[in-house]
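Okay, so the sequence shown: first residue is -4 according to my numbering, each after it adds one.
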Amino acid sequence: MRRFTSNLATMHTAEDTPYVRFRHLTPGALGFVDLVALGVASSESEKDQAEAYEAVRRRATLTSQFHRVADLSEHELAQFGVESYDAVRALAWIEIGRRMERATRSGDPVITGPADAAEFLRSKLRLEKKEQFVVVLLDAKGQVMHHSVVHIGTLTMSVG
């Protein structure tokens, strides 16, 4: 099976490894499974790339939930065959990506009502696994000055 890429005048087969596709296409043109397989493959050899691709493809729940990748543990990465040090490196890069995303947001958000507050907190807490009680400090114009986690866990358990 052959496919034509509109951004480059080259043909690539479905049998190409994720590494080959990455080198000949733009990273944005690769599928999610290709990108994860590149991250977990132990080398650029065709055999390692094919094994990594198949391991990722079989874990359909992972590939259907992009945000889940950011929550993978060192142990879960090991299930893909990622060595301990490489898993730590991958997790470090994920954390760097998180911090870069936070740093590139434009300006301080303005909260003018409940919908704005919900959107602000949803962006901050969407990946948290536990319930958090958060205080958001606003200035007179509704700009967020600071936010802080007051309690982690159910609020009813902390009031006694």
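Using N, Cα and C, we set each Cβ at its ideal position, and we do this for glycine too.
Being a predicted model, the structure only gives us computed values, none of them experimental.
(request) Have a look at F75 and S40 and give me their C-alpha separation to the nearest angstrom. (result) 16 Å
(message) Please return the same chain residues whose Cβ sits closer than 7 Å to the Cβ of L133, not counting the five positions on each side in sequence.
(response) I106, V139, M140
(message) Please report the straight-line C-alpha distance between S38 and D66, rounded to a whole angstrom.
(response) 23 Å
(request) Check the DSSP bridge columns for V166 and list the partner residues they point to. (result) Lying before the first or after the last residue shown, residue 166 is absent from the chain, which here runs from -4 to 155.
(message) Buried or exposed for V14, going by 16 or more other Cβ atoms inside 10 Å?
(response) This sequence places Tyr at residue 14; Val is not what is there. Counting Cβ neighbours within 10 Å, Y14 comes out buried, since at least 16 surround it.
(message) Please report the distance separating the alpha-carbon of E46 from that of D29.
(response) 12 Å
(request) Give the straight-line distance between the Cα atoms of A85 and M95, rounded to the nearest whole angstrom. (result) 15 Å
(request) Measure the alpha-carbon distance for A110 versus G92 and round it to whole angstroms. (result) 27 Å
(request) Can you tell me which of the three DSSP states F75 falls into? (result) coil
(request) For N2, collect the residues of the same chain with a Cβ closer than 6 Å to its Cβ; drop the 5 residues on either side in sequence, then sort them by chain order. (result) Bear in mind that the predicted position of N2 carries a pLDDT of just 40, short of 50, making it unreliable; the figure below should be weighed with that in mind. Within the same chain, N2 has no close Cβ partners at all.
(request) Answer with buried or exposed for A113, where buried requires no fewer than 16 other C-beta atoms within 10 angstroms of its C-beta. (result) exposed
(request) Determine which residues share a DSSP beta bridge with H146 and list them. (result) F128
(message) According to DSSP, simplified to helix, strand and coil, what is L120?
(response) helix
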